[in-house]
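Asker: Protein chains in written order, with our numbering: chain A, 59 to 354; chain B, 10 to 294; chain C, 3 to 335.
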């Protein structure tokens, strides 16, 4: 008697039409609003990339005679208090604003993931130690932490971004740790561990790919927060420094103009921030819902 | 080698205590208390018990996923380390492998069935390329699957097929002992019978030794020659499967047997109406 | 007069690439006080059948057919009437008792307030009744149990509390979905005994969903065996055990290892249980049936009643002798 008849082999259940790696599932999860958000983010990234090509003027140079021009043929969105073209400043501003947020998010995701995986893999005392470290970071309000860092290391986009990333790490790490812990308890991870494979191999081959969706979603949600926090730092004069174009800085510099009856600069930059933050939040939420490794 | 005694597993005085909670909430549970048992080469020992009996802890210590507090484990004639290091685990994995209960969690959902098997093959043998593929196909064939199943993701396989892949993965290390931790408990009745037959066939052909952990006495009867009954970390009865199931000595074994549904069976209250049961009172404390 | 009547229940669930059938015409009658077991493997539709009675099927499901409880069509009730029906006539016990209990309420609050709300009883009366019920379901230290939060109690204790809550309102129909699957065997025996006893004392009918044919046989008057979203056979436990009429019933009984005997190899059903939506034309079991004939592959097979039982198999008359289990032990009930 062959093994097949003895143990009743099943007919091959492998379906030929694989859904694997198909983009359809993602689109369905995003929904119409999510797709719109992706399109918006795409346009913003495009604007940032193509700024030198499509911006009609140099964003840093203006002429005093052209200050506070209303939107018109020469300046589509008008000019600011120094006579600089607002459209050009918004396009270049997208570069700093998006790059800054991206740096924050990348660093926070990397730091959070490493801490989460280390805590999960070693467990016990290491886990407890990481937990205490995160508690300590949690105790500091984000902006206060950023202000402290900037006070010590000086102002600038890099300093502000690094400081915020540090402040974001505990949020990312905490959520990812719980996801990784659940994954680690599954039999397949234990089966790999049983073979005496190294922690690096098991973590990299099994844990990391399976928590990647949560890392990604958390990053998308954090992106919005990072833009707001960076804008706040620029607004306070601690982040990007003039004359660099930056949306947060533009809101801040538009204050005086606002009082003089020229609200254009603050409103436009503010609108850009709101749209970008909303788009990233929608994407993050649609991709992962509450299980995401995001802030808050 | 185990030639002198004929036992592939010898466990002596194994104890393990778990501590949970922090500070004032700190509590400890004895998962294993002075457990001693042997498993003869090529035989199947069933370990029977309910939740909290320590049967899974015993399995995890045996394969090296957990360390013991006290006692000794001799595997294939070699004493194994209490707190296993990686290299030690790898060496042990060539003697003993484990099949887990959960058919959903037993495979990485992002990797194919074939890669689950080849991961273990490459961890223990120098195989690659065409030879690796041939060995994977060969193992799939032994558990009643086809070469095409190697390319399937776990989500494309049924529960029974996933458990077959998990068995193939365990066999890839060419172990002498398989620890089966409730390996058929989550399967449908008709699929469970298939997998039980497969396990019996594999044991015969590959001369494997099984440590079969289960709560199901009917399964015990079907697969094992020897059985130990565990309760709260202790072995309370042991002997040949027929003796223990037909003439149980310990009241708890009798209770277990009387609680198993079978033709003509009626559920009944262990101690009649209104009397407390130790487990429930303990949980309520 | 039946208490509950299911009439050709069909359920389809939207799925990418078209709807998927989960139930393909389930018909069943339950007499007052009668216990019926719904037995099947995964994907057979046993739980889904129960959910159509409670109207808790998954969102988006399309259900056709009638569910009559005492002549009232449950599926056409408005929200208020459905709520009244659930509070008065139906009780549900699920696999996970923790899901049925509010984690921040003590057992006493949960049970007493439940009685006060559902039946308008006064506090004192309700509390006395709750104490009575808890003692009846085998809880020794009633005071301590009533003072406990759900997380302080074991699964077996909790399931007893849920049973007490279920019978408290003296419903006419108890819906039990694998109520002991998550429990240890000794606790299962205890909880099943209590459930059975309480059901009989209160004269309740029961639909009991389980994958365990033996467990259902012990507490049910009749058993419906489901396969791929249909009832393939229905009869008393004794009828099914000694002389099953459907090949699937026979093989299901055979493939379960016995507590008292061993065989070198277990008889197996090849393949895996198929889901309702995977079934093509003809008999759903045709792909796995060793007794298959050409006519089994085309056309739907009707459920044919006779001898106080029913079977859905073209060949049940020819196979009658062949399907008898000679080694079947005596079954009471």
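Using N, Cα and C, we set each Cβ at its ideal position, and we do this for glycine too. As the structure is a prediction and not an experimental result, all values here were calculated from the model.
Taking the alpha carbon of residue 107 (chain C) as the reference point, which residue from C:163, C:194, C:25, C:70 has its own alpha carbon closest?
Answerer: Within the third chain, residue 107 (chain C) is the residue found at index 105, counting from 1. Among C:163, C:194, C:25, C:70, the Cα nearest to that of residue 107 (chain C) belongs to C:163.
Asker: What is the residue span of the beta strand (DSSP E) that residue 20 (chain B) lies within?
Answerer: The sequence position of residue 20 (chain B) within the second chain is 11, counting from 1. Counting along the chain, the beta strand (DSSP E) containing residue 20 (chain B) begins and ends at 16-29.
Asker: In this structure, how does DSSP classify residue 330 (chain A) when only helix, strand and coil are distinguished?
Answerer: The residue given as residue 330 (chain A) occupies position 272 in the first chain. Residue 330 (chain A) falls in the helix class under three-state DSSP.
Asker: Is there contact between the segment 243-257 of chain C and the segment 17-33 of chain C, where contact requires at least three CB pairs shorter than 8 Å?
Answerer: No, the segment 243-257 of chain C does not touch the segment 17-33 of chain C.
Asker: Does the segment 129-138 of chain B come close enough to the segment 96-115 of chain B that 3 or more CB-CB pairs lie under 8 Å?
Answerer: The answer is yes - the segment 129-138 of chain B touches the segment 96-115 of chain B, with three or more Cβ pairs under 8 Å.
Asker: What is the residue span of the beta strand (DSSP E) that residue 95 (chain C) lies within?
Answerer: In the third chain, the residue the question calls residue 95 (chain C) occupies position 93. From DSSP, the beta strand (DSSP E) with residue 95 (chain C) extends over 92-95.
Asker: Counting only beta-carbon atoms, is residue 270 (chain C) nearer than 7 Å to chain B?
Answerer: As a position in the third chain, residue 270 (chain C) is number 268, starting the count at 1. Judged by the 7 Å Cβ criterion, residue 270 (chain C) is in contact with chain B.
Asker: Taking 8 Å as the limit between beta carbons, can you name the residues of its chain near residue 295 (chain C), skipping five residues before and five after?
Answerer: Taking the third chain and counting its residues from 1, one reaches residue 295 (chain C) at position 293. Answer for residue 295 (chain C): 316, 317, listed in chain order.
Asker: At least one CB of chain C closer than 7 Å to the CB of residue 113 (chain B): is that the case?
Answerer: Residue numbering aside, residue 113 (chain B) sits at position 104 when the second chain is read from its first letter. Output row for residue 113 (chain B): interface = no.
Asker: Taking 7 Å as the cut-off, decide whether the C-beta atoms of residue 310 (chain A) and residue 293 (chain A) are in contact.
Answerer: Working through the first chain from its first residue, we reach residue 310 (chain A) at position 252. Working through the first chain from its first residue, we reach residue 293 (chain A) at position 235. Their beta carbons are under 7 Å apart, which means residue 310 (chain A) touches residue 293 (chain A) by this criterion.
Asker: Under DSSP, the alpha helix (DSSP H) around residue 251 (chain C) begins and ends at which residues?
Answerer: Working through the third chain from its first residue, we reach residue 251 (chain C) at position 249. Its alpha helix (DSSP H) spans residues 249-257.
Asker: Of all the CB atoms in chain C, is at least one closer than 7 Å to the CB of residue 16 (chain B)?
Answerer: Here residue 16 (chain B) refers to the residue found at position 7 when the second chain is read from its first residue. Taking Cβ atoms only, chain C never reaches closer than 7 Å to residue 16 (chain B), which makes this a no.
Asker: By Cβ distance below 7 Å, which residues in the same chain neighbour residue 62 (chain C) in space, the five residues on each side in sequence not counted?
Answerer: Residue numbering aside, residue 62 (chain C) sits at position 60 when the third chain is read from its first letter. Closer than 7 Å at Cβ, skipping near neighbours: 15, 16.
Asker: Under 8 Å by Cβ, that's how I've got residue 246 (chain A) and residue 116 (chain B) pegged, so tell me the actual separation to the nearest angstrom.
Answerer: Along the first chain, read from residue 1 onward, the residue named residue 246 (chain A) stands at position 188. Along the second chain, read from residue 1 onward, the residue named residue 116 (chain B) stands at position 107. Yes, residue 246 (chain A) and residue 116 (chain B) are in contact; Cβ-Cβ is about 5 Å, under 8 Å.
Asker: Can you find the residues in the same chain that come closer than 8 Å, C-beta to C-beta, to residue 144 (chain C), ignoring five residues on each side of it along the sequence?
Answerer: Along the third chain, one-based indexing puts residue 144 (chain C) at 142. Same-chain partners within the cutoff: 133, 136, 137.
Asker: CB-CB under 6 Å to residue 128 (chain A), same chain, minus the five flanking residues each way: which ones, in chain order?
Answerer: The residue given as residue 128 (chain A) occupies position 70 in the first chain. Counting only Cβ-Cβ distances below 6 Å, and skipping sequence neighbours, we find 136.
Asker: Specify the secondary structure class of residue 24 (chain C) as computed by DSSP and reduced to three states.
Answerer: Here residue 24 (chain C) is taken as the residue at index 22 of the third chain, counted from 1. In this structure, residue 24 (chain C) counts as strand in the three-state DSSP scheme.
Asker: Between C:285, C:6, C:289, which has its C-alpha nearest residue 302 (chain C)'s C-alpha?
Answerer: By one-based count along the third chain, residue 302 (chain C) stands at place 300. When only C-alpha atoms are compared, the closest one is C:285.
Asker: Quickly, what does DSSP pair residue 225 (chain C) with across the bridge? List them, please.
Answerer: In the third chain, the residue the question calls residue 225 (chain C) occupies position 223. Note: residue 225 (chain C) sits in a beta bridge opposite C:39, C:237.
Asker: In the DSSP assignment, what are the bridge partners of residue 53 (chain B)?
Answerer: Here residue 53 (chain B) refers to the residue found at position 44 when the second chain is read from its first residue. Answer is B:219.
Asker: Can you give me, in chain order, the residues of the segment 162-173 of chain B that have a beta carbon less than 7 Å from any beta carbon in chain C?
Answerer: Within the segment 162-173 of chain B, the qualifying residues are 167, 169.
Asker: How long is the line joining the alpha carbons of residue 267 (chain A) and residue 119 (chain B), rounded to whole angstroms?
Answerer: Mapped onto the first chain, residue 267 (chain A) falls at position 209. Mapped onto the second chain, residue 119 (chain B) falls at position 110. Near 8 Å, if we compare the C-alpha coordinates of residue 119 (chain B) and residue 267 (chain A).
Asker: Can you give the Cα-Cα distance for residue 6 (chain B) and residue 232 (chain B), rounded to whole angstroms?
Answerer: Residue numbering for chain B in the displayed model covers 10 to 294; residue 6 (chain B) lies beyond these limits and cannot be assessed.
Asker: Across the segment 96-113 of chain A and the segment 148-155 of chain A, are there enough close Cβ pairs to call them in contact, namely three or more that are closer than 8 Å?
Answerer: Yes, the segment 96-113 of chain A touches the segment 148-155 of chain A.
Asker: Closer than 8 Å by C-beta to residue 122 (chain A): which residues in its own chain qualify, once you throw out the five before and the five after it? Chain order, please.
Answerer: By 1-based counting over the first chain, the position of residue 122 (chain A) is 64. Cβ within range, chain order: 140, 141.
Asker: By how many angstroms is the C-alpha of residue 114 (chain C) removed from the C-alpha of residue 120 (chain C)?
Answerer: Locating residue 120 (chain C) in the third chain gives position 118, counting from the first residue. Locating residue 114 (chain C) in the third chain gives position 112, counting from the first residue. For residue 120 (chain C) and residue 114 (chain C), the distance between alpha carbons rounds to 10 Å.
Asker: Return yes when at least one heavy atom of the ligand ATP lies under 6 Å from the C-beta of residue 172 (chain A), else no.
Answerer: The ligand ATP is absent from the structure shown, which contains no ligands of any kind.
Asker: To the nearest angstrom, how far is it from the Cα of residue 236 (chain B) to the Cα of residue 129 (chain B)?
Answerer: One-based indexing of the second chain puts residue 236 (chain B) at position 227. One-based indexing of the second chain puts residue 129 (chain B) at position 120. Straight-line Cα distance between these residues: approximately 30 Å.
Asker: Determine the extent of the alpha helix (DSSP H) in which residue 67 (chain C) is found, giving its start and end residues.
Answerer: Residue mapping note: residue 67 (chain C) aligns to position 65 of the third chain, counting from 1. Unbroken run through residue 67 (chain C) is the beta strand (DSSP E), 64-71; no alpha helix (DSSP H).
Asker: Would you check if the distance between the CB atom of residue 242 (chain B) and the CB atom of residue 40 (chain B) is smaller than 7 Å?
Answerer: In the second chain, the residue the question calls residue 242 (chain B) occupies position 233. In the second chain, the residue the question calls residue 40 (chain B) occupies position 31. The answer is yes: Cβ separation under 7 Å.
Asker: Out of C:36, C:8, C:38, C:49, state which residue places its alpha-carbon closest to the alpha-carbon of residue 230 (chain C).
Answerer: Start at 1 with the first residue of the third chain, and residue 230 (chain C) comes out as number 228. When each option's Cα is compared against that of residue 230 (chain C), the closest is C:49.
Asker: Looking at residue 163 (chain A): is its Cβ nearer than 7 Å to the Cβ of residue 338 (chain A)?
Answerer: To locate residue 163 (chain A), count along the first chain from 1; it is residue 105. To locate residue 338 (chain A), count along the first chain from 1; it is residue 280. No, they are not a contact pair.
Asker: On the DSSP bridge assignment, give the partners of residue 249 (chain B) in chain order.
Answerer: What you label residue 249 (chain B) is simply residue 240 of the second chain in a count that begins at 1. The partner list for residue 249 (chain B) (beta bridge, DSSP) reads B:235.
Asker: Locate the beta strand (DSSP E) running through residue 116 (chain B), then write down its first and last residues.
Answerer: Taking the second chain and counting its residues from 1, the one referred to as residue 116 (chain B) is at position 107. Segment: none, residue 116 (chain B) is in no beta strand (DSSP E) and carries neither H nor E.
Asker: What three-state label does DSSP hand residue 176 (chain C) in the structure shown?
Answerer: Here residue 176 (chain C) corresponds to residue number 174 of the third chain, with the count starting at 1. If DSSP states are grouped into helix, strand and coil, residue 176 (chain C) belongs with the strands.
Asker: Looking at residue 26 (chain C) and residue 278 (chain C), is the spacing between their C-beta atoms short of 7 Å?
Answerer: Walking along the third chain from the start, residue 278 (chain C) turns up at place 276. Walking along the third chain from the start, residue 26 (chain C) turns up at place 24. Yes; because the gap between Cβ atoms is below 7 Å, this pair is in contact.
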